[in-house]
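If you count the sequence shown from 1, position 201 lands on 299 in our numbering, and the numbers rise without skipping. All residues carry an ideal CB built from backbone N, CA and C; glycine is no exception. Nothing here was measured: the structure is a model prediction, and the numbers come from that model. In what follows, a structure is listed as structure tokens, so that the remarks can point back to it.
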Amino acid sequence: MPRPCRIHVAGGVYHAVLRGNHQQAIFNCRDDYLRFEDIVAAAMERYAASLLAYCWMTNHVHLAIQVGDAPLGSMMRVIASRYARWRQRAVPTTGHLFERRYRARLVDADRYLLALVRYVHRNPLRAHLVDDLRDYPWSSHHAYLGARPPDWLRTGPALELLGSTAASARMAYQHFMAEEPPAPERDALSLAHRTASSSRPAQHRSALSAPATRLERLPRSLEEISAEVALEFGVGSRELKSRRRHPELVRARVEITRRALREGAASLSQVAQHLGRAPSTLSDLLHSGRHALPKP
Numbered sequence: 099m100p101r102p103c104r105i106h107v108a109g110g111v112y113h114a115v116l117r118g119n120h121q122q123a124i125f126n127c128r129d130d131y132l133r134f135e136d137i138v139a140a141a142m143e144r145y146a147a148s149l150l151a152y153c154w155m156t157n158h159v160h161l162a163i164q165v166g167d168a169p170l171g172s173m174m175r176v177i178a179s180r181y182a183r184w185r186q187r188a189v190p191t192t193g194h195l196f197e198r199r200y201r202a203r204l205v206d207a208d209r210y211l212l213a214l215v216r217y218v219h220r221n222p223l224r225a226h227l228v229d230d231l232r233d234y235p236w237s238s239h240h241a242y243l244g245a246r247p248p249d250w251l252r253t254g255p256a257l258e259l260l261g262s263t264a265a266s267a268r269m270a271y272q273h274f275m276a277e278e279p280p281a282p283e284r285d286a287l288s289l290a291h292r293t294a295s296s297s298r299p300a301q302h303r304s305a306l307s308a309p310a311t312r313l314e315r316l317p318r319s320l321e322e323i324s325a326e327v328a329l330e331f332g333v334g335s336r337e338l339k340s341r342r343r344h345p346e347l348v349r350a351r352v353e354i355t356r357r358a359l360r361e362g363a364a365s366l367s368q369v370a371q372h373l374g375r376a377p378s379t380l381s382d383l384l385h386s387g388r389h390a391l392p393k394p
């Protein structure tokens, strides 16, 4: 059975991670890092995407990417395959360099962009590689502090949220980075225990879908909820609205309905129209088994 398509939101911001197979190192020297950056730069240009933040660790990489019309998966496959081929020529080995499936999640940039940038940049601290992020050379942290960014990196979208001038934004950024992120924020952005193709969303649900944290108090749109659930279930937006009744698609539709009603994002009729289903069908699904309509 073919793998289901991942959700694609044109203009969406994603947190993506590529990990070395069996946690093996993917960078062994400075030239490796520089070559990887060249490949990332070419991919950003080819797919009209923007890299908003990055951190290259020894055995994995973090990227905050705003995609264009091309899906994230196309870009990540090109990055991984081109770098793996280059490493194979430089250091002949057998087996896969990267895990077969990159990890990713769609992020609500209006609310979480700054948190995502901080999460990506603080990786060397969490790994105890440095005590001061200025001592770690392979991240975009330096560009956010004022170093000249490469052409393939855009710091503006995040810095503009921190100040009206470059100086005030960088000062605010330093203060923001010095703050310890709250646990809900770390949990919401972590990809340590989930993949974009996960078929068990209940086991991998993060703080982004938990109603009890302060981060969740702003209402989300039905489109955001639909995109999040599709990503968790590893299904495409077209599949959700298709006539197919594959069990995984049915469960995803039920979960979208449940979250939308619970969060007040839409009525049952609005969700039904969004998914191309009859309201009675969704109501029956919610009432069957362990699914139930939330109390008013």
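How big is the Cα-Cα spacing for residue i and residue j?
{"i": "ARG220", "j": "ALA267", "result": "18 Å"}
{"i": "THR156", "j": "HIS240", "result": "18 Å"}
{"i": "PRO235", "j": "LEU373", "result": "46 Å"}
{"i": "ALA305", "j": "ARG201", "result": "Low confidence applies to ALA305: its pLDDT is 34, below 50, so where it sits in the model is not reliable enough to give any reading."}
{"i": "ARG187", "j": "HIS158", "result": "20 Å"}
{"i": "ALA376", "j": "GLU197", "result": "41 Å"}
{"i": "ARG341", "j": "ALA350", "result": "14 Å"}
{"i": "LEU347", "j": "ALA245", "result": "47 Å"}
{"i": "ARG357", "j": "GLU278", "result": "30 Å"}
{"i": "TYR72", "j": "GLU283", "result": "The question about residue 72 has no answer here: the residues shown for the chain are numbered 99 through 394."}
{"i": "VAL369", "j": "VAL165", "result": "26 Å"}
{"i": "LYS339", "j": "ARG232", "result": "47 Å"}
{"i": "MET269", "j": "PRO255", "result": "16 Å"}
{"i": "LEU380", "j": "ARG209", "result": "30 Å"}
{"i": "SER262", "j": "HIS385", "result": "51 Å"}
{"i": "ILE137", "j": "PRO345", "result": "39 Å"}
{"i": "PHE134", "j": "PRO280", "result": "32 Å"}
{"i": "ILE105", "j": "VAL176", "result": "18 Å"}
{"i": "LEU223", "j": "LEU149", "result": "21 Å"}
{"i": "SER288", "j": "LEU227", "result": "19 Å"}
{"i": "PRO337", "j": "ARG343", "result": "Contrary to the premise, residue 337 reads as Glu rather than Pro in this sequence. GLU337 and ARG343: Cα-Cα distance of roughly 10 Å."}
{"i": "ALA378", "j": "LEU366", "result": "Note that residue 378 is Ser in the sequence shown, not Ala. Distance between the alpha carbons of SER378 and LEU366: 9 Å."}
{"i": "ASP382", "j": "ALA213", "result": "39 Å"}
{"i": "TYR181", "j": "GLN121", "result": "17 Å"}
{"i": "ASP229", "j": "ARG128", "result": "21 Å"}
{"i": "GLU330", "j": "ARG183", "result": "30 Å"}
{"i": "GLN371", "j": "THR355", "result": "11 Å"}
{"i": "HIS163", "j": "HIS194", "result": "The amino acid occupying residue 163 in the given sequence is Ile; His does not appear at that position. Cα to Cα, the separation comes out at about 24 Å."}
Going by Cα to Cα distance, which pick from the options is closest to residue i?
{"i": "ALA264", "options": "ALA281, GLU277, PRO282 and TYR242", "result": "TYR242"}
{"i": "GLY171", "options": "ALA147, ARG183, ALA256 and ARG187", "result": "ALA147"}
{"i": "HIS113", "options": "TYR181, LEU204 and GLN121", "result": "LEU204"}
{"i": "TYR271", "options": "SER365, LEU259 and LEU338", "result": "LEU259"}
{"i": "LEU161", "options": "VAL218, HIS385 and TYR131", "result": "VAL218"}
{"i": "VAL189", "options": "ASN126, ALA276 and GLN368", "result": "ASN126"}
{"i": "GLY109", "options": "TYR145, ALA139, ARG128 and GLY118", "result": "TYR145"}
{"i": "TRP154", "options": "ILE124, ILE163 and ALA140", "result": "ILE124"}
{"i": "VAL215", "options": "ARG180, LEU383, PHE274 and LEU359", "result": "PHE274"}
{"i": "ARG199", "options": "GLY118, ARG128, ALA139 and TRP250", "result": "GLY118"}
{"i": "ALA140", "options": "HIS194, ASP229, ASP230 and TRP250", "result": "TRP250"}
Span of the beta strand (DSSP E) holding residue i?
{"i": "LEU251", "result": "Per DSSP, LEU251 belongs to no beta strand (DSSP E) and is neither H nor E."}
{"i": "ALA114", "result": "111 to 117"}
{"i": "VAL327", "result": "Premise fails: VAL327 lies in the alpha helix (DSSP H), 320 to 331, not in any beta strand (DSSP E)."}
{"i": "SER148", "result": "148 to 154"}
{"i": "ALA108", "result": "Note, ALA108: premise wrong, no beta strand (DSSP E); not H, not E."}
Just to check my reading of the structure: residue i and residue j have Cβ atoms closer than 8 Å, yes? What is that Cβ distance to the nearest angstrom?
{"i": "VAL333", "j": "GLU353", "result": "With 8 Å as the limit, VAL333 and GLU353 do not qualify as a contact, their Cβ atoms being about 11 Å apart."}
{"i": "LEU85", "j": "VAL111", "result": "Residue numbering for the chain in the displayed model covers 99 to 394; residue 85 lies beyond these limits and cannot be assessed."}
{"i": "SER238", "j": "ALA168", "result": "With 8 Å as the limit, SER238 and ALA168 do not qualify as a contact, their Cβ atoms being about 22 Å apart."}
{"i": "SER335", "j": "SER319", "result": "The Cβ separation is near 14 Å, so there is no contact."}
{"i": "ALA178", "j": "LEU116", "result": "6 Å"}
Along the alpha helix (DSSP H) that carries residue i, what are the first and last residues, could you check?
{"i": "LEU170", "result": "170 to 188"}
{"i": "SER378", "result": "377 to 385"}
{"i": "HIS158", "result": "It is not in any alpha helix (DSSP H) - HIS158 instead sits in the beta strand (DSSP E) that spans 158 to 164."}
{"i": "SER237", "result": "That residue, SER237, is in no alpha helix (DSSP H); it is neither H nor E in DSSP."}
{"i": "SER340", "result": "That residue, SER340, is in no alpha helix (DSSP H); it is neither H nor E in DSSP."}
{"i": "LEU260", "result": "That residue, LEU260, is in no alpha helix (DSSP H); it is neither H nor E in DSSP."}
{"i": "ALA141", "result": "128 to 144"}
Around the Cβ of residue i, are there at least 16 other Cβ atoms within 10 angstroms (buried) or fewer (exposed)?
{"i": "ASP206", "result": "buried"}
{"i": "MET174", "result": "buried"}
{"i": "MET142", "result": "buried"}
{"i": "ARG252", "result": "buried"}
{"i": "GLU321", "result": "exposed"}
{"i": "PRO248", "result": "exposed"}
{"i": "ALA225", "result": "exposed"}
{"i": "ARG185", "result": "buried"}
{"i": "ALA363", "result": "buried"}
{"i": "ALA276", "result": "exposed"}
Regarding residue i and the ligand MG, is the C-beta to nearest heavy atom distance less than 8 Å?
{"i": "PRO377", "result": "As far as ligands go, the structure on display features none, and thus does not contain the ligand MG."}
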